[in-house]
Every structure is written in C-alpha cells, then in structure tokens.
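Colleague: So the sequence shown is numbered by our numbering: it starts at 8 and just counts up by one.
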Amino acid sequence: YKRQVADPFALPPPPAAPSYDLGGLPSASEDPFALPPSPGLDYSDLPSPASPQAMDFSDLPSPAAPAVSFDFAEPPAPAYGQSPVPMDDPFAVDFTSPPPAAPPAPDFQLDFGDSAPAAPPAPSRINPATDFGDVDFGDPSPVPASAATGLPDALEFDPTAAPVDDLEADLSAPLPPPPAAGPADGLEMLSFIDDSAGKEAGSRAPVKRFHVRRRSGKMFGPFEEGVIVKMLEDGQLLGNEDVSPDSESWSAIGTVPTFAAAIQRLMEGPSKAVPLAATPGAPASDAPAGTDPANPQASMERLRQLYEGRMAAVSVVDRSAAEAKWKKRLPAIIAAGVLVLVLGTGASFEASRYGAFGRNKFFPAHVSAGSPEAKLVEEARKGLLADTYASYKEARAKSAQVLGTKEYPEVRALWCQSVAYLQRLYAAGDRAELTACGNHMEAIELLGEKNVEVIKTAAALALSQRKAAEVQARLQDAATREDNQGDLELSFLLAESYAQQKDIGNAVATLTKVLEKDPKSAKAHHALGNLYQAQGKADEAAKAYADALAADPQHAASAVELAAVELLVRKSNIEQGAQAVESALKLQDALGPAERARARGLKGVALFQLFKPKEAEAELKEAYKDNPDSTFIKAQLAQVLRSQRDYDGALPLYTSLAQEDNDNLEFVDGHITALVMTGKMQDALTAVEAASKSFPNEARIAYLYGRIEDALDKPSEAEGHFKRANAADSKLVDAGLYLGRLYLRQHRNADARALLETAAQQAPEHAGVHAGLGELALAENNSLLAQQEFDRAIQLDPNLADAHLGLSRVALLNGDPARAETEANRALELDPHLLKDGRLQRGLVLWRLHRLDEAAAELEKAKAEDPRSTTTPITLGAVLLEKGDLAGAESNLGLALRNEPSNHEALYYLGLVRAKRSEYTQALDSMKTAVDRAPKRPDYHYAYGVILRDAKRLPDAIEQWKAAVELDPNYADAHEALGHAYLERADFDGAIASFEAALKADPQRTRVMGAMGDVLFNAARWDDAVRRYQAALKADPKLTYVYYKVARAYTEQAQHAKAIDWYKKATTAEPGNPQSFYYLGFAYKERNKRKDAITAFKEYLEKKPDAADKKDIEDEIYDLEH
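1) Output the distance between the C-alpha atoms of Ala831 and Gly656, rounded to the nearest integer angstrom.
2) Between which two residues does the beta strand (DSSP E) harbouring Asp1122 extend?
3) In whole angstroms, what is the alpha-carbon distance linking Ala1026 and Met934?
4) Quick check: the Cα distance between Trp1069 and His857, rounded to an integer number of angstroms?
5) Between Glu414, Arg431, Tyr710 and Asp253, which has its C-alpha nearest Val1's C-alpha?
6) State the Cα-Cα distance for the pair Leu598 and Thr879, rounded to the nearest angstrom.
7) Three or more C-beta pairs under 8 Å: does that hold for the stretch 746-755 against the stretch 779-786?
8) For the candidate residues Tyr433, Asp939, Ser699 and Gly901, whose alpha-carbon lies nearest to that of Arg921?
9) For Gln408, tell me which candidate among Ala766, Gly233 and Glu385 has the shortest Cα-Cα distance.
10) What does a CB cutoff of less than 7 Å around Val695 pick up in its chain, not counting 5 residues either side in sequence?
11) Among the residues of its own chain, which have a CB less than 8 Å from the CB of Thr685, if the five just before and after it don't count?
12) Determine, using beta carbons only, whether Val478 and Ala486 come nearer to each other than 8 Å.
13) Does the contact criterion of 3 or more C-beta pairs under 8 Å hold for the stretch 624-632 versus the stretch 455-464?
14) Quick check: the Cα distance between Ala1090 and Arg992, rounded to an integer number of angstroms?
15) For Arg222, does the count of other Cβ atoms within 10 angstroms reach 16, so buried, or fall short, so exposed?
16) Would you call Asp172 buried or exposed, if buried means 16 or more other Cβ atoms sit within 10 Å of its Cβ?
17) Just reading off the beta strand (DSSP E) that Gly228 is part of, what are its end residues?
18) Could you check where the beta strand (DSSP E) with His1147 kicks off and where it finishes?
19) Take Leu392 as the anchor and find which of Asn446, Thr928, Tyr415 and Phe499 has the nearest alpha-carbon.
20) Which term fits Arg924, buried or exposed, when burial requires 16 or more other beta carbons within 10 angstroms of its beta carbon?
21) What does a CB cutoff of less than 6 Å around Leu117 pick up in its chain, not counting 5 residues either side in sequence?
22) Grab the span of the beta strand (DSSP E) containing Val250 for me, first residue to last.
23) Among Ile451, Ala645 and Ala998, whose alpha-carbon lies nearest the alpha-carbon of Lys1133?
24) Considering only residues of the same chain and omitting the five flanking positions on each side of Val374, which have a CB-CB separation below 6 Å?
25) Whose C-beta lies closer than 6 Å to the C-beta of Ala1152 among residues of the same chain, with five residues either side of it excluded?
26) Going straight from the alpha carbon of Asp798 to that of Asn756, what length do you get?
27) Just how far apart, CA to CA, sit Glu724 and Lys730?
28) How is Ala259 classed by DSSP in three states: helix, strand or coil?
29) I'd like the ranges of any alpha helix (DSSP H) spanning at least 4 consecutive residues and lying wholly in the stretch 727-806.
30) I want to see whether chain D comes within less than 8 Å of Lys721, judged by CB atoms only; does it?
31) How is the alpha helix (DSSP H) around Asn899 delimited, first residue to last?
32) How about the stretch 563-576 and the stretch 525-542: do they share at least three Cβ pairs that are nearer than 8 Å?
33) Nearest-angstrom Cα distance between Ala475 and His562?
34) Given this structure, state the Cα-to-Cα distance separating Gln243 from Gly228, to the nearest angstrom.
35) Leaving out five residues on either side along the sequence, give the residues of the same chain with a beta carbon under 6 Å from the beta carbon of Gln769.
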C-alpha cells in the first residue's frame, strides 16, 4: 500500500475511526498539519500479514527514549515481541510472529492545555506506523516521584569540568553496518522531526515529550526525552533551559532525572556513557529493555529509525601511515622551497636599483684609478670649483661622457651636481635633466647614507629648490668628519645653505676657512662678495669681487657684480656703475643666461636711476625674458612699474616675490601696495593681516594697514594704525603725512599742522609732504600758499596724483575751471582707486562749467565709491537743485544730514531747496541753523538775506547782507542785493554806493551799471540816468533792457522824438516787452502820429491781453480813430 501525500505538514486525523482499515484513513490534503511520509519506507513491498488482527500496529510499544550517548559496538535491543536481529543484517525485521495489540491511540486534538485522560480511549483504527501516532501533542504521563531519586545533585553544572568534545567517538568498538539510504547530506538538525516515525513497525507505549523554553523566551517542541538528550550532547541546548510537559508548568531542565543524568555525564568529561540503573522501586515490567529512556543504544536506534538516516554520520579515517610518509619527506620539501625562494628573490632584484642579489648595493661600480674615465672625472670636479658658466657645462659634459660607457653612482652624482649648478646659478639647466637627477637619487644613495657624494648631490638638488633647511644638518655632519676636510665643494654647498637661511655669519666663516685652504679660489671670493653685497658693505664686496677677478680674469660673474655694487649698494656714481655694466656685457660669450640677464637688469637699474623709466622698463623686461626665475630682476622690474604707477603690471611680480620670500619686507610691502592701488581692498586687507602677524612691530606694515583702513572709510582704525607706525618708527615720514591728511579731512587743522610740519623737517624734499602742506593751506583759505606747495610737489614727483588734485582745487577757487578740469583728470589717471575725493573734485569742476548732467553722473560714481562720504551727497544735492530736481536734491541732502546732522553745508542747500518750493518757514529754519553753525560764511548770510527778502522781511535781509559784506568786502552779490534793497527803500545814495561797491568787486558785472541808472531814474536825475544807461550799453551791448529805460528818461524830459527812437530800439531788442509798445504809443500820440500810436497800442494789447488798463487803451484807440 502506497499513499500519496499532498500536504507534508498536515495534522493526523482524530482517533475516533472505527476500524484499522488503512483505506479509510483521510488523505493528507484533508489535514493541513500532517507531516510528509518518509520516502525510505514503502509498505507496499512488505508481505501481507496472516490476518488483520496480526498486523495491529496500535499494540506496539512506544519508541524508547534516546540514550545519552551511543555505542556502535552493541547492537540495538529488539523491539517488543520480535526476535533478536541477526548480526549480519542489523536492519532485518522478523514479520513471522504478529505483534501484540497496540495500546490506545493518543489524543491528537490541539488542546495543549488539557491534562492527560484518566483512562485510555478505545482502540482506534489509526495505524501509528503510517500516521502521526509517534508524535503525541497531548499531555504525557506524570513522572513518578521516585524517578528523581536516582540522580543526586543533578541540577548543578560543574564549572571546573573539562569542555565536552561532542565529536568524540569510541574507535575501539566495531563499526556498525552502513545505514539505510537517507538524505544526501546527513546533517539534519536534531530538532527537525518528520513523519518517518509513523512508519515504524510495531506499536509502542506512550512516550514522554517535553516543551523546551530558552532563556530568551523562545519555545519549541514537544520533543521526546532521547531527542532532548541528543540536543544536549550536540550543544543545541546548553543545560540552562526550562522544560514543561504541558507548556504551562515550567521547571529547570535539570529537574528531570534523565536530563540531569545527561548533563552530569557531559560535565564529567567525554567518556563512554554508562547506562543508568533502574529506578529503585520501579517494576521491571514498567520499563522494558527495548524502550528504556536511559538505554543509549535503544535511544540511538530509536533516533536512527525516527530520522531515517538524516542524522550526521560519524566517519573515522586512519591516516597515520600517510602522515608518516609526509613527515619523512617534509624536510626535503622545505629545503627545496627555501632554495627556490632565495634564488627567485635574488633574481627578482635584477630590475631594481639594487641589481640581482643586491650586487649594486654591496658591490657598487667604481671608476678605476688611472683610467681615462678617472681623468675625465677629475677634470669635471675641477670644473665645479672653477665656478664659471663654461666650467659647469664642461663638468656636465665630461661626467656624461663617462656615464656613456657605464653607470657609476659617483659619476652620476657629479653629473647631477653640475646640472643643479647650471640651473641654480645660470638658469641654464634642463628640466628633463633635473627630473632625471631626482630619479637617479635612489641609485646614488646605494653608496651609503654617509657618503659625501650622496650628501652633496642631495644638497645641490635641494638648494636648487631653495630647501636648504632640509639638507643643512647633513652637510654640517659631513663637514665635521675628518675624511671630508679637504672637500672644498662640500664647504661651498654648506656656505650656500647658510646664505639661503640668512645665516650670513656662518656662511662668511665657512668661506673664510675655504680661502685659508685655497687663497686663489675665485669661487670663494665671489661668494664672499655676494654676502657682503647683501649686507650693504660696498667696500668689502667690491674688494672680494676684485680678488675673484684677480684669481680668475675669466670669472665674468664678478665683473657683473662689481657693477651691481656701484648701482645697488653705493648708488653714488651712477655713471661709473653704468660703465661697469657695459664692460661686463662685453664678456657675453663667457656669461651664462642668468648672468647676461642680471647684467641687463643692472643696466635697467642704471637707466632708472638716470630718470629714464621707459628705457629701464624695456631693458628689465628683456632681462626678465632671459631669466624669469630671477628674484633680482622681478624685484627691479616691479619697482620700475610701481614708480610709473603701473600697479596692474607690478602686481603679479610682487605676488610671486611675496610667495617666494614672505619674510622680505620690501616684497610684502610692494605686494600690499599693489593690491591697494589696484582697488583689491579685501585681498589687501587679508595680506596685511597676515603681514602684521609676521612683522608685529614693523612700522611699514602698520602704515600700510592704516592706508587700507583709510581707503575702506574706517578713520578710527586708520588713525590707530598710523599712530602705531609713528610710535614704531618716528622717522617713517609717510605715517605722519597720511595721519595729518586724515586730520585735515576731519577738520582738525591744528593737529594736522603739527604732523605736517614735523614731516617737512624730516623730509624737506618729499613730494607727498609738500602736497600735504598745500592741502593744509587750502583748509586755511590760503590759496596762494597752496598753489606754491602743489607746484613744488609736482616738481619733485610729476606723477603724484595728490598734487595734481590740489592744483585742480586751487584753479577752481581762482575761477579757472578749464585748468581745474585738466588737473582733476590727470589726478584720476594717475590714481583711479585710492585718490581721495578725486571724482568729487571732477564733479565740482563740471558743475562750475554748468555741465550739470556730466557733473551729476560723476558725483553718482563718487557716491558709489565712497558711500560713507558726506560731502559727495551734499554736492550732488546742489547740482540737482540747479537742475531743478528738487526731490533728488532733498533726498541727497537728507542722506548727508543723517550721516552728519549738524553739517552746515547740507543745511544751507536744504534751505535753498525749501525756498525754491516757497516753503519759507522751513527754509528760514534750515538757513538760520546753517548760519549759526558757520557764522563766518558770507555766502550763508547772503542766501539767508535772499530768503528773508522773499519772505517780505526786507529789513532783516539788509542786516544779513551787511554781515556778508563785512565778512567779505569783495562779495559782489551782497553789495548788489543791498543796492536793490536801498533802491526799494528810496535810499538812493545808499543804493548808488552799494552798486558802485559791487562794480568795484566785480568789474565784469555790467548789469550793475544799468541798476545805477535805475537809481538815478527814480531820483529823477534824468540826464545822469541816460548817461549811466548809455555807459552800461557801451560796456555790455547785451543789456537790451536799457533801451526802454533810456526812452523812459527822454519821455520824462518830454523829448518825445528821442524817446520814440529808443522805444523802437527797445521793441526790436525786446519784442516780448509790452511796456515798450505802451510808452511808444503815447510818444506817437504826443507827436500827433495817430496811426503809429494806434498801431503801438494795439501791439501792446496783443502782447498783454489781460492788461489792467485794457479799457483805457481801447478808449485811447477809439479816440485816436475818431
């Protein structure tokens, strides 16, 4: 009978089946919880039983619990009612005798909480061999109380016991026969239980099953006792779990005697398990041998049958013979491997710098003494000491010639030293060769770390990169060793490292020792001259260079440096220095590229000192092309460009110089100045902050800091830096000069005067000082002195922007706006970024030239560049006022007053804006405040009087105008205003006197002559009036309004004919004046020229249709017509 299982996890059917008819069993598909049948047992192959009663598998006993361990030496005990299994086939089953009746089937209901039934139910037709009868989910029978007495102290672990070896097997017992076919891997977990138990033959008594709960709270089971014991042995359970027969009442696993015994055996060590004695008092019939839980062989047989071969098999292999053979062969194999490894490792070094087996390290190649190569090497060494461009090239060529035949580390070192010299001194090194030297250093270093050639080569390359500090210690150590005392080249490199580190004393001492050994060393004399020149010792430097030329007339570099001493150190005889340069340039064939470049650079210096900046610039740029890495040439070219205010060209040079030598104050100063002059204020601020840390007490840096803060409109910070610079160096003229100019802008004239006068005493020929004194004179209203100071500044420095700006201000005050514009433009060309108030001055000039749109645009730029300025928005407001943009004017004036509420100039123009709007009350308030703030400003009094006059307060206006002429007797506007006021009050004498004073103050003001005629006319002095009018017309023919006045004077004298002539002139000159036609009509009427009179009257009415006397004129016309 073979049954197909559809659901491998289906549960068994209920025990109420009436018979054991296997065909009546429910299919697996009807039970979703039934486990799949074992594929290893197919009952269709078994012989048919004699009778149905003989095959009642329900009577079979329960499977025995697994033993604690298993022993392959003993066969398993036969099942109840069966014959012993033969030894030749331990898996044979005897079906000759029927098994006894099976006990009642267990309850398969899923109620795990119920206790075990009191009596077993009636036998069911379910066959436990093929169904799920061997897994009882019901409650097991209670354990007898006497069962626990057989295992004393079974609840405790022994922590001192040796660890259990779960894999130990008893090799002395005979091996069991091969197991039945099962799963291929044989490594099933012991916790896995399938339905193979349902196919066991025979029926068994109910077995105990326990649920297991770990410390983590996880529960699984139920399992039979043997399964749990096997889990303990395999380490799946640790012995600290809890067990329960009903999953409700839990107890420690050690409280169960079987488990306690297993744990005890595991603690005692890996020994063969001994079956436990039967529990005292228990009848033998209750625990047959075949099902005793304490019997390990029965338990293991039960497990084997239960898992159908899915248990992990224990394989025992004896490999002792093979291992013995390998042990005999092992020494030979190891020796062969070591030999192969050594040979392979040694051969692998062939491609490295060490060579095979390190032969290059242990046996480096040397030039044989007395060989032609040795001679070439010696000549190359002498070439290094000769210290000329030609000798260094010769040293490189000869060492390369030797290296062409074979690679010698010492010769390669010599070649690298010559390459480094050519690059370092003459800028003639090949970059590829320098790179090759760096690559060859590994091979050169095989000579040894202390080898002098290794040290000299490393030093030569480091010095070429200006990294003297990295090799100075090695050079010092090498120089102290006895065997290197005669190596002059080592001393030269050490001295050069000292020079690069600014350790002039040690450098001089080292070179002096060289001269003691070789007094004719041109190289030593020349190096000493360079050190003396750097210290500014002109005489010592000149002597050293002369000694070098005496030792070697072909030492062209010394000839060049002799010229440098005259031009750079002595600076007294420029002509002699220029001649020395020309003499050095004649030796061009002996000069290297760097020497030629330096000679041309010195020629540029000579031209610059002869005040030929353009020629100097051209020469220095050519030298820079020859040697772009020369610090000297870059510094001189940057200085020339800076003197011509070409800061854009000087900036990259100073940037490079400052990066190369940030400890050089001149370079740092030039870099910051170039940044400031090109308008890069934030970069300049960053640079000066870094410089302040490097030079904390340096006056020049503090001065530059102040210049930057001043340019950024931070007067308080600027003042502090200028004062700090003065305190650090009272002889720094620029610090006091710019502090004084700062005080001038703050109207602190007394403080400014003290500083500027001190600066003038310290530097009487300083152009900037004279420009500052000119600004002081302007602030004190002394335009003549200001003109003189600015002119002197221009003589000293034609490119001084501040002086040109001062001349523009003077010209504007002197009424020469054209020159003022020229000077302002020149000042802005020279300094477009840093010049204070340059655009403001140009805006003022354009305003005075009545180019209001241009003036407003320029002032807007000035306002954008200096948003904190108060003067700029005031001036812009004045220009917009004149343009008629009252709203724009008021906005800018309000901005100025917000910055400086008490600024009288802003109040003055604000009063004029309000007066234009006829807001006389507010206008008078603003103007009065302005006058109170600046009572000595005559223009303020004059404007105040005009507003009072317009407000119908003429007496108060006269008082203000009088105050104005008292402050400035030549104030023509105030005199003229007084004349008109006196005329209005019929004070003819006062009016004539005021008009005459105005004409005297401003002879070009010809309109005053017409006004004087009006005074005489109102005084009825007709003849005098006519003469004044005619004199005014003669002085200024444009005074056409006088025609009418003259005609009126003749009319008043009844000289109508003359009056008619002047009226005609008046109507022609001023056709829009209706009064001329009015009086002309009456003059014609008096002369009885009716038609002409009518025509004149009609013209009058056309010109003035809304005339008050229109009816009278119409009556006159009517009368004349009739």
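Ideal placement from N, C-alpha and C gives every residue a C-beta, glycine not left out.
Note that the structure is predicted; figures quoted are calculated from it, not measured.
Modeller: Let's see:
1) Mapped onto the sequence shown, residue 831 falls at position 824. Mapped onto the sequence shown, residue 656 falls at position 649. The alpha-carbon atoms of Ala831 and Gly656 are separated by roughly 24 Å.
2) Taking the first residue of the sequence shown as 1, we reach residue 1122 at position 1115. From DSSP, Asp1122 is part of no beta strand (DSSP E) but of the alpha helix (DSSP H) over Lys1117 to Glu1128.
3) Taking the first residue of the sequence shown as 1, we reach residue 1026 at position 1019. Taking the first residue of the sequence shown as 1, we reach residue 934 at position 927. Cα-Cα distance, rounded: 35 Å.
4) Indexing the sequence shown from 1 puts residue 1069 at position 1062. Indexing the sequence shown from 1 puts residue 857 at position 850. Their backbone Cα atoms lie some 35 Å apart in a straight line.
5) This structure cannot speak to residue 1, because the chain is shown only from 8 to 1129.
6) As a first step, residue 598 must be located in the sequence shown, where it is residue number 591. As a first step, residue 879 must be located in the sequence shown, where it is residue number 872. Answer to the nearest angstrom: the Cα atoms are 59 Å apart.
7) yes
8) As a position in the sequence shown, residue 921 is number 914, starting the count at 1. Per the Cα distances, Gly901.
9) Counted from its first residue, the sequence shown places residue 408 at position 401. Answer by Cα proximity: Glu385.
10) Looking up residue 695 in the sequence shown gives position 688. Only Ile679, Ile708, Leu711, Tyr712 and Ile715 meet the Cβ criterion.
11) Start at 1 with the first residue of the sequence shown, and residue 685 comes out as number 678. Around Thr685: Tyr654, Asp655, Leu658 and His840.
12) Reading the sequence shown from its first residue, position 471 is the one you call residue 478. Reading the sequence shown from its first residue, position 479 is the one you call residue 486. Not closer than 8 Å, so no.
13) no
14) For the purposes of this step, residue 1090 is taken as residue 1083 along the sequence shown, with counting starting at 1. For the purposes of this step, residue 992 is taken as residue 985 along the sequence shown, with counting starting at 1. When the Cα atoms are used, Ala1090 and Arg992 turn out to be separated by approximately 30 Å.
15) In the sequence shown, the residue the question calls residue 222 occupies position 215. Arg222 should be labelled exposed.
16) If you number the sequence shown from 1, residue 172 lands on position 165. Low local confidence applies: a pLDDT of 45 at Asp172 is under 50, so the model's placement there is unreliable, with the coordinate-based value given in what follows. Exposed is the call here.
17) The count along the sequence shown starts at 1 and reaches residue 228 at position 221. Run containing Gly228: Met226 to Glu231, per the beta strand (DSSP E) assignment.
18) The requested residue 1147 does not occur in the structure, where the chain is confined to residues 8 to 1129.
19) Taking the sequence shown and counting its residues from 1, the one referred to as residue 392 is at position 385. When only C-alpha atoms are compared, the closest one is Phe499.
20) Taking the sequence shown and counting its residues from 1, the one referred to as residue 924 is at position 917. Exposed: under 16 other Cβ atoms inside 10 Å.
21) Counting from 1 along the sequence shown, the entry for residue 117 is found at position 110. Any answer about Leu117 is weak, because its pLDDT of 41 lies below 50 and its placement is not dependable; what the coordinates show is given next. Cβ neighbours of Leu117 beyond the five flanking positions: none.
22) Here residue 250 is taken as the residue at index 243 of the sequence shown, counted from 1. Taken as a continuous stretch (DSSP letters only), the beta strand (DSSP E) holding Val250 covers Asp249 to Ser251.
23) Summary: the structure shown does not reach residue 1133, with the chain confined to residues 8 through 1129, and so no result is reported for it.
24) Indexing the sequence shown from 1 puts residue 374 at position 367. The answer, listed in chain order, is Glu380, Ala381, Val384 and Tyr415.
25) Examination of residue 1152 is not possible in this model, given that the chain is present from 8 through 1129 alone.
26) Here the question's residue 798 lines up with position 791 in the sequence shown. Here the question's residue 756 lines up with position 749 in the sequence shown. Each residue's Cα considered, the two are about 22 Å apart.
27) One-based indexing of the sequence shown puts residue 724 at position 717. One-based indexing of the sequence shown puts residue 730 at position 723. Going by the C-alpha atoms only, they are around 10 Å apart.
28) Within the sequence shown, residue 259 is the residue found at index 252, counting from 1. Residue state, collapsed to three classes: strand.
29) Within the stretch 727-806, the complete alpha helix (DSSP H) runs of at least 4 residues fall at 740-752, 756-769, 774-786 and 790-803.
30) Among the chains of the structure shown, chain D does not appear; only one protein chain is present.
31) Taking the sequence shown and counting its residues from 1, the one referred to as residue 899 is at position 892. Residues Leu893 to Asn906.
32) yes
33) Here the question's residue 475 lines up with position 468 in the sequence shown. Here the question's residue 562 lines up with position 555 in the sequence shown. Spanning the two alpha carbons is a distance of roughly 26 Å.
34) Sequence index remark: in the sequence shown, residue 243 carries index 236 (1-based). Sequence index remark: in the sequence shown, residue 228 carries index 221 (1-based). Approximately 13 Å, taken between the alpha carbons.
35) Residue numbering aside, residue 769 sits at position 762 when the sequence shown is read from its first letter. Once the five neighbours on either side are set aside, the close Cβ partners of Gln769 are Val740.
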